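> One structure coming up, written as structure tokens, with questions to follow.
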């Protein structure tokens, strides 16, 4: 009897080991398109922390799908790109998150230059449509691109007897006083792109003067780059400066048929929305798996299903039909100098804020220069 119990116990343990091994094997081989060894290593870590600067709906869906696919617990926080940059700089090599997801690349490039991003040679980067959609040293990868432009409330413009602006210089017209919203230069990557765009179009001194003159017409600087778009349909903001895919979201998903999109006639700039690993990430394998995931249809095809209509930059993704329906053309852009933007944006922001203060703008007024 004793021998029989021993035999049964051994058999039970063996079965348990076999079952556990089979379960682990299934977990690391059933997700098509991903390296099973990397999946297994990431699952061993069991957790991932994401800072996201795309819109909340897309961020939430992307994180939930990653968790569902791989069985790895994901926690995330939605912050503007400027907030993420400041947080990572303050943490100085001991980041509280593993990866950065979404948001324009100017802050990514600053973090890369400062040594706060981790290089990773992603296999799925082979699907990128252009070498322009990645950092030269693999410190970030592009996942989408979107055009900077103007969103206008056609009802309010008609009521006021005004035409929509056609190009950047039109924004300075006195009849637009108090009608324009932009995001905060200190907190939003979108606003930093506006600074770089204007300086690259008009030169340093004229560009800063342009922004000082523009300030006379701006009612509110929102914390996030998408902030102006969320207030155009209601009429609280008559002219919003930001990414046009945010305007599409307001039209298609929120039903604001009174919004019209304007692509600046002399050309504009586009963001490259990116993803990256923070140097010192606590879950490095889960972070690498996230990059592979972010460069796959499993992730990027969720964008258009969750109110984000940017052009996608990988060749096996489904482009959002809505972007083309609204006449957006990702090729209608100036030759953007990423190196100048990376090397000088902190200086440019400081110079713009100093120039605004010198002109009499109350730059410390957080009801206007919003930080929450």
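Residue numbers (my numbering): 1214 to 1585.
The beta carbon of each residue, even a glycine, is placed where N, CA and C say it ideally should be.
All figures in this text were calculated on a predicted structure; none of them were measured in a lab.
Would you please state the rounded distance, in angstroms, between the beta carbons of residue 1365 and residue 1452? I believe it to be under 8 Å.
5 Å
> Residue range of the beta strand (DSSP E) that residue 1366 falls in?
According to the DSSP assignment, residue 1366 belongs to the beta strand (DSSP E) that extends over 1354-1366.
> Comparing alpha-carbon positions, which option in 1485, 1476, 1331 and 1347 lies nearest residue 1379?
1476
> Mind checking who residue 1393 pairs with in its DSSP beta bridge?
1431 and 1452
> Could you check whether residue 1583 and residue 1355 sit closer than 9 Å to each other, using their CB atoms as the reference points?
Their beta carbons are not under 9 Å apart, which means residue 1355 does not touch residue 1583 by this criterion.
> So for residue 1443, helix, strand or coil by DSSP?
The answer is helix: DSSP assigns residue 1443 an H, G or I state.
> Which residues bound the beta strand (DSSP E) around residue 1470?
Annotation: residue 1470 is outside any beta strand (DSSP E) and is labelled neither H nor E by DSSP.
> Is it buried or exposed, residue 1577, if we count other Cβ atoms within 10 angstroms and call 16 or more buried?
The residue in question, residue 1577, is exposed, as its Cβ has fewer than 16 Cβ neighbours within 10 Å.
> So the candidates are 1471, 1349, 1546 and 1330; which of them puts its Cα closest to the Cα of residue 1501?
1330
> Secondary structure at residue 1261, three-state DSSP: helix, strand or coil?
strand
> Is the beta carbon of residue 1201 sitting closer than 9 Å to the one on residue 1514?
Given a span of 1214 to 1585 for the chain in the structure shown, any question on residue 1201 remains unanswerable.
> Bridge partners for residue 1314 per DSSP, in chain order?
1265 and 1488
> Opposite residue 1582 in the DSSP bridges: which residues?
1434
> Looking at C-alpha atoms only, which residue of 1521, 1371 and 1411 is the closest neighbour of residue 1561?
1411
> If contacts are defined as beta-carbon pairs under 8 Å, then residue 1438 and residue 1416 qualify, I think. What distance do you get, rounded to the angstrom?
By a beta-carbon distance limit of 8 Å, residue 1438 does not contact residue 1416. Their separation comes to about 24 Å.
> So, does the segment 1342-1359 touch the segment 1523-1537, judging by three or more C-beta pairs under 8 Å?
yes
> Less than 9 Å between the beta carbons of residue 1369 and residue 1394, yes or no?
no
> How long is the line joining the alpha carbons of residue 1418 and residue 1492, rounded to whole angstroms?
36 Å
> For residue 1321, name the three-state secondary structure that DSSP assigns.
Three-state result, residue 1321: helix.
> Checking contacts by CB at 9 Å: is residue 1287 closer than that to chain B?
The displayed structure is made up of one protein chain only, and chain B is not part of it.
> How big is the Cα-Cα spacing for residue 1392 and residue 1400?
Each residue's Cα considered, the two are about 21 Å apart.
> How would you call residue 1484, buried or exposed, if buried means at least 16 neighbouring beta carbons within 10 angstroms?
buried
> Spell out the partners DSSP gives residue 1291 in its beta bridges.
1265
> Near residue 1241, what residues of its chain come up, given a Cβ to Cβ distance below 8 Å and the 5 sequence neighbours on each side ignored?
With a pLDDT of 43 at residue 1241, under the threshold of 50, the modelled position of that residue is not reliable, and the figure given next carries that caveat. So the qualifying residues of the chain are 1249, 1250, 1252, 1253 and 1256.
> Compare the beta carbon distance of residue 1543 and residue 1360 with 9 Å and say whether it is the shorter of the two.
yes
> Are residue 1409 and residue 1549 touching if we call contact CB-CB under 9 Å?
yes
> What's the gap between the Cα of residue 1569 and the Cα of residue 1579?
Residue 1569 and residue 1579: Cα-Cα distance of roughly 14 Å.
> Under 9 Å between the Cβ atoms of residue 1279 and residue 1261?
Cβ atoms of residue 1279 and residue 1261: closer than 9 Å.
> Which of helix, strand or coil does DSSP assign to residue 1517?
helix
> Indicate the three-state DSSP secondary structure (helix, strand or coil) for residue 1482 in the structure shown.
coil
> What residues in its chain sit with their C-beta under 7 Å from that of residue 1458, if we drop five residues either side in the sequence?
The answer, listed in chain order, is 1359, 1521, 1522, 1523 and 1536.
> According to DSSP, what are the bridge partners of residue 1331?
1490
> Would you decide whether residue 1588 is buried or exposed? Buried here means 16 or more other CB atoms lie within 10 Å of its CB.
No information on residue 1588 is available, as it lies outside the stretch 1214 to 1585 that the chain covers here.
> Roughly how many angstroms lie between the CA atoms of residue 1533 and residue 1540, to the nearest whole one?
Whole-angstrom Cα-Cα distance: 12 Å.
> On the DSSP bridge assignment, give the partners of residue 1546 in chain order.
1481
> In the structure shown, what three-state DSSP assignment does residue 1286 receive?
If DSSP states are grouped into helix, strand and coil, residue 1286 belongs with the strands.
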